[in-house]
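Asks: Here the numbering used here runs 4 ahead of the position in the sequence shown, where the first position is 1.
Even for Gly, the Cβ is constructed at its ideal location relative to N, Cα and C.
From a predicted model like this one, the values you see are computed outputs, not experimental measurements.
Here it is: the structure, laid out below.
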Amino acid sequence: MTITATAPRAAAYRGRLRWWTELPLIAVVYALYSAARLVVRGDVNDAVKHGADILHYEQLVHLDPEQWFNRLFTDHAFLGVPADFAYASLHYIVTPTVLVWLWRRRPTHYRVARTWLMISTLIGLIGFTALPTAPPRLLTGHHGFIDTMAQYGSYGWWGTDASAPRGMGHLTNQYAAMPSLHVGWSLWCGIMLWRYGRNRFVRTLGILYPVLTSLVVMGTANHYLMDAAAGVAVMGIGYVLARPALRVVDSLHDRTRQALGRPTGTPSGADAAAVTPAATPAPSTATRSTAPAQPTVPAQAGPAGPPASAPPAVPAPAEPAAAEPAAAEDEVAFTAQVPAPTVPSGGEHAGQRRMS
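Okay, here's the thing in structure tokens:
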């Protein structure tokens, strides 16, 4: 029997994605995204006009639930306050938590998921630049929206500038409603939890989280329904582009290693040890055989009678082929022992005396 031990592929893959390279990568991408988001604020008047146009188009097709949810949250603090807390915090807590969970628990899926999230975020940045949009809470008063973050500001750390802490409103772009990355990121988190969660509770959270986030962003007057739909579309585009982008990156990486005279497609150092199969013991070829037993003839008492017939010869079993050690180990040849017929002592002479 041959046993081959192979190191878990997932552990080796995670070894190549070291945290001290992943963490700076994510931090740099998010910092660049945040900085660019501040730079591309656009003209305020254009942003307000774009927001009013979006609301108008929604009203034309009777898909404008934002105002109804906003009234519900402003009339009932037990709904509005938790919604404000969720808007100001979960976006920045749940997403990195899911990233870390993927890296630790589902390492073989982490790289594609991380790339999907990054590409979608950069696409969202393009949307902020091309179409600066004021959220419902920043439209003129006759539209009837109330800023719940300002209404319930005394309950939390946020001020009147979206989810930014008090006194830090200048660090956020309030005219980046289209698309809603609150919805986009929550959808990404939900898909990860649903697809890779191992129990019903985690998978249920994967369904509820994006749904609740969509209700929160509309009820707090921070996004339109169309913003939420755009956030979903952005994540869809990012999903399509993630794997091709990784193929390009891997190709460039391999070419760089070839130019430096290093092997491609394989880890090095400790990672190489993690994916090297363990030594395979040579298969055992020992066979166990038993020589055939020789037939025995019991000694006859008295005068010899007619010669007894010899027992039939039993051929010795052929030696098993070396190519099948398993069968050779289990075979044992046995030779039948056939006793010779015996004649009772003095029986033949007694018969002759009676006949005479």
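1) Rank Phe149, Ala134 and Leu36 by C-alpha distance to the C-alpha of Val221 and give the top, closest one.
2) Would a C-beta distance cut-off of 9 Å place Val43 and Tyr179 closer than the cut-off?
3) Alpha carbon to alpha carbon, how far is Leu129 from Ala232? Give it in angstroms, no decimals.
4) For the candidate residues Tyr91, His257 and Arg110, whose alpha-carbon lies nearest to that of Arg202?
5) Which whole-angstrom value is the C-beta distance of Gly242 and Ser93, which I expect to be below 8 Å?
6) What separation, rounded to the nearest whole angstrom, lies between the Cα atoms of Phe77 and Asn226?
7) On the DSSP letters alone, give me the boundaries of the alpha helix (DSSP H) that Ala234 sits inside.
8) Give me the Cα-Cα distance between Tyr156 and Gly145, rounded to the nearest whole angstrom.
9) Does the Cβ of Ala263 have 16 or more other Cβ atoms within 10 Å, making it buried, or fewer, making it exposed?
10) Given Leu21, which residues of its chain have a CB within under 8 Å of its CB, disregarding the five upstream and five downstream residues?
11) Which whole-angstrom value describes the C-beta separation of Gly46 and Pro136, a residue pair presumed to lie in contact below a C-beta threshold of 8 Å?
12) Is Trp162 helix, strand or coil by DSSP?
13) What are the uninterrupted segments assigned as beta strand (DSSP E) that are 3 or more residues long and contained completely in the region 67-108, given in chain order?
14) What is the rounded straight-line gap between the Cα of Trp192 and the Cα of Asp57?
15) Within this structure, are the beta carbons of His147 and Pro139 separated by less than 9 Å?
16) Among Thr224, Met230, Tyr96 and Glu26, which residue has its Cα nearest to the Cα of Leu67?
17) Are there 16 or more other CB atoms within 10 angstroms of the CB of Tyr96, so buried, or fewer, so exposed?
18) On the DSSP letters alone, give me the boundaries of the alpha helix (DSSP H) that Val44 sits inside.
19) Can you find the residues in the same chain that come closer than 8 Å, C-beta to C-beta, to His54, ignoring five residues on each side of it along the sequence?
20) If you compare alpha carbons, which of Tyr91, Ala31 and Arg259 is closest to Ala154?
21) When you compare only the Cα positions, how much space is there between Ala237 and Pro86?
22) Which residue from Leu250, Ile127, Arg204 and Thr133 puts its Cα closest to that of Gly240?
23) Taking the alpha helix (DSSP H) that Leu2 belongs to, which residues open and close that run?
24) May I ask you to report which of helix, strand or coil DSSP gives Thr119?
25) Using CA atoms only, rank isn't needed, just tell me which of Leu185, Leu143, Pro28 and Tyr213 is closest to Leu59.
26) Within 10 angstroms of its Cβ, does Val252 collect 16 or more other Cβ (buried), or is it exposed?
Replies: Quick answer:
1) Of the listed residues, the one whose Cα sits closest to Val221 is Phe149.
2) No. Outside cutoff.
3) Distance between the alpha carbons of Ala232 and Leu129: 15 Å.
4) Nearest option by C-alpha distance: Arg110.
5) Not a contact, Cβ separation roughly 24 Å.
6) Inter-residue distance for Phe77 and Asn226 is about 12 Å (C-alpha atoms, whole angstroms).
7) For Ala234, the enclosing alpha helix (DSSP H) covers residues Leu229 to Ala263.
8) If I take the Cα positions, the gap works out to 19 Å.
9) Exposed, because fewer than 16 other Cβ atoms sit within 10 Å of the Cβ of Ala263.
10) Answer for Leu21: Trp107, Pro111, Tyr114 and Arg115, listed in chain order.
11) Cβ-Cβ separation between Gly46 and Pro136: approximately 3 Å, consistent with a contact (criterion under 8 Å).
12) Strand.
13) Note on the region 67-108: there is no whole beta strand (DSSP E) run with a minimum of 3 residues.
14) In a straight line, the C-alpha of Trp192 is about 28 Å away from that of Asp57.
15) For His147 and Pro139, no; Cβs fall outside 9 Å.
16) In terms of CA proximity to Leu67, Met230 leads the group Thr224, Met230, Tyr96 and Glu26.
17) Counting other Cβ atoms within 10 Å of its Cβ, Tyr96 stays below 16 and is therefore classed as exposed.
18) Careful: Val44 lies outside any alpha helix (DSSP H) and carries neither H nor E.
19) Excluding residues within five positions, the ones whose Cβ falls inside 8 Å are Leu135, Pro136, Thr137, Ala138 and Met182.
20) Restricting attention to Tyr91, Ala31 and Arg259, the CA atom closest to the CA of Ala154 is found in Tyr91.
21) Whole-angstrom Cα-Cα distance: 27 Å.
22) Of the candidates Leu250, Ile127, Arg204 and Thr133, the one whose C-alpha sits nearest the C-alpha of Gly240 is Ile127.
23) An answer regarding residue 2 cannot be provided, because it is not within the stretch 5 to 360 covered by the chain.
24) Three-state result, Thr119: helix.
25) Of the listed residues, the one whose Cα sits closest to Leu59 is Leu143.
26) With fewer than 16 Cβ atoms within 10 Å of its Cβ, Val252 is classed as exposed.
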